[in-house]
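In the numbering used here, the protein residues as written are 1 to 543. One structure below.
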């Protein structure tokens, strides 16, 4: 199938790119064929975000979004930020001590899954073809030019043989291909390596973000209240923070973000999240409530210093696939949308000039002249300062940098340490003993995965590839007590045979919620996440 533009991923950046392309085509009276492929069973099925939305990009894309019934209705009514001193005590931070980037006046608490469903409807109304359930499995690179993608085969058995239901993947060829897969995109990762797009840039840095949705009693609900926290349960060597947002319909969303540069291999981000909900600051809202949804997703938080070159022969890399999230705001949706819109404007101008399959180097100029560049540049020190100086000193530096200097201090702090290389040996780290889940505020992994509606066709090849099958036992278990059994938020990796003295790593790929943590954190970079059969993975209703 030959089209003008193929967009990989129906998230905020991909859909905004598709919409802006068609808006320009309609204004110019020209025809354009734009196709969006999405690996989730439906648009929004794999979207997980906090999310407090800054509407700056949405205002530009659809100035009349409120009258268009966009699912953006719960305005932020109050902003509380706490330093959790320990399991019982907390200090509420005064506004003047909080970096300006953390304030949320004028923002909205939303479900980005529902926002993306709405964006997809707008895209289709404009003539975009959206194909959910079709993962982009392979790149088409010819003469060192990206010519499109190949969607995944359907109906392949676990042994690699075609089943009766076999359907081969389809080649989608385009003048330009846009990659908007989200954090640690399967093809984006390959493109960065193939074209050396990250040359001279600091390594991308990541965090693992958890999210649950709770129905809570009416008397505990304060629509629009935003609560952020730093400190406990994470120790001084582990970066991250928590959040609780009061959404509509007597629901709150609660979560914990754990930086993936942590050093203690005994740490379990999932268990830290279970501990977090026990703190009185959170418990006062959750007690008596019912958990109705669970999910987790890696976050690209390297920011400006880690941004790769976003153009290459035949296409563009946008949104969280490139790493446009602004960690100083803990927000990546408005930045992803803006990157998609800038991409669309660059693409349309090139195609109007009769171009195709070339390197759209002018995208870098459009990016540097936009508010997106200015926002990310001003926040360039935020993450590295926290990594190098810790929560308290790093936080103090960031307040000074953002509030007094507007992010324009004449220095740039960089973090060159790769997240996967930060683990210390298990033998020199203190074990961490986590309490058993109480089934009230804290839960186990399997009951959590159940709430994510995760499913994969059982008889299919494992999509979690080990480059060397000996490493999990001979290296990771021996040196790090195999951290995969703890860093995975879905219980995919399990050590079996330990009691017999015959340890073996079992991969429960059925449980995978596509968070990409294993692809990021494995200390030997031995796990390679590839796309499973179409429509596999979580089916988030309104995350």
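Idealized CB from N, CA, C, for every residue including glycine.
On the criterion of 16 or more Cβ atoms from any shown chain inside 10 Å, does residue i qualify as buried, or is it exposed?
i: residue 447; result: exposed
i: residue 408; result: exposed
i: residue 67; result: exposed
i: residue 166; result: exposed
i: residue 416; result: exposed
i: residue 470; result: exposed
i: residue 493; result: buried
i: residue 236; result: exposed
i: residue 226; result: buried
i: residue 355; result: exposed
i: residue 405; result: exposed
i: residue 30; result: exposed
Identify, in the order they occur along the chain, each residue of the same chain with its Cβ nearer than 7 Å to the Cβ of residue i, setting aside the five sequence neighbours on each side.
i: residue 169; result: 137, 150, 151, 152 and 153
i: residue 224; result: 74, 75, 76, 77, 78, 109 and 246
i: residue 313; result: 144, 145, 146, 357, 358 and 359
i: residue 343; result: 17, 178, 316, 318 and 363
i: residue 114; result: 44, 71 and 542
i: residue 401; result: 381, 407 and 409
i: residue 205; result: 261, 301, 302, 306, 383, 415 and 419
Which residues in the same chain have their Cβ closer than 6 Å to the Cβ of residue i, if we skip the five residues on either side of it in sequence?
i: residue 81; result: 93, 98 and 228
i: residue 110; result: 51, 53 and 72
i: residue 305; result: 202, 380 and 414
i: residue 242; result: 229, 256 and 276
i: residue 171; result: 150
i: residue 198; result: 192 and 308
i: residue 3; result: 33, 35 and 174
i: residue 451; result: 293 and 294
In whole angstroms, what is the alpha-carbon distance linking residue i and residue j?
i: residue 495; j: residue 504; result: 6 Å
i: residue 546; j: residue 271; result: With the chain covering 1 to 543 only, the question about residue 546 has no answer from this structure.
i: residue 134; j: residue 297; result: 20 Å
i: residue 526; j: residue 195; result: 22 Å
i: residue 428; j: residue 478; result: 13 Å
i: residue 130; j: residue 19; result: 11 Å
i: residue 276; j: residue 257; result: 11 Å
i: residue 422; j: residue 262; result: 7 Å
i: residue 398; j: residue 480; result: 33 Å
i: residue 564; j: residue 431; result: Because the chain is modelled from 1 through 543, residue 564 falls outside the range shown and cannot be assessed.
i: residue 140; j: residue 315; result: 11 Å
i: residue 213; j: residue 251; result: 7 Å
i: residue 345; j: residue 24; result: 8 Å
i: residue 387; j: residue 302; result: 11 Å
Using CA coordinates, which residue listed in the options is at the minimum distance from residue i?
i: residue 440; options: 16, 492 and 285; result: 285
i: residue 522; options: 534, 355 and 424; result: 424
i: residue 561; options: 6, 282 and 254; result: Past the boundaries of the shown model lies residue 561; the chain is included only from 1 to 543, so the question cannot be answered.
i: residue 16; options: 336, 366 and 175; result: 336
i: residue 509; options: 455, 442, 499 and 172; result: 455
i: residue 445; options: 13, 274, 198 and 127; result: 274
i: residue 565; options: 222, 512, 459 and 468; result: In this structure the chain extends from 1 to 543, so residue 565 is not present and cannot be described.
i: residue 518; options: 443, 289, 268 and 369; result: 268
Apart from the five residues on each side of it in sequence, which residues of its chain come closer than 8 Å, Cβ to Cβ, to residue i?
i: residue 544; result: Within the shown structure, residues of the chain are numbered from 1 to 543, placing residue 544 beyond reach of any answer.
i: residue 86; result: 232
- request: Pick out the complete beta strand (DSSP E) segments inside the segment 360-443, 3 residues or longer, and give them in chain order.
  value: Counting only unbroken stretches of 3 or more residues, no beta strand (DSSP E) element lies wholly within the segment 360-443.
task: Give, in chain order, every unbroken run of the beta strand (DSSP E) that is at least 3 residues long and sits entirely within the segment 478-523.
output: The segment 478-523 is shown to contain whole beta strand (DSSP E) runs of 3 or more residues at 493-496 and 504-507, in chain order.
field: beta strand (DSSP E) segments (min. 3 residues) lying fully within the segment 121-183
entry: With a minimum length of 3 residues, the continuous beta strand (DSSP E) runs that stay inside the segment 121-183 are 129-132, 136-142, 145-151, 154-156, 162-167 and 171-179.
task: Would you mind listing the beta strand (DSSP E) stretches within the segment 32-109 that are 3+ residues and don't spill past its ends, in chain order?
output: List check, beta strand (DSSP E) in window: 34-38, 78-84 and 90-92.
task: Would you mind listing the beta strand (DSSP E) stretches within the segment 244-302 that are 3+ residues and don't spill past its ends, in chain order?
output: The segment 244-302 is shown to contain whole beta strand (DSSP E) runs of 3 or more residues at 251-259 and 290-300, in chain order.
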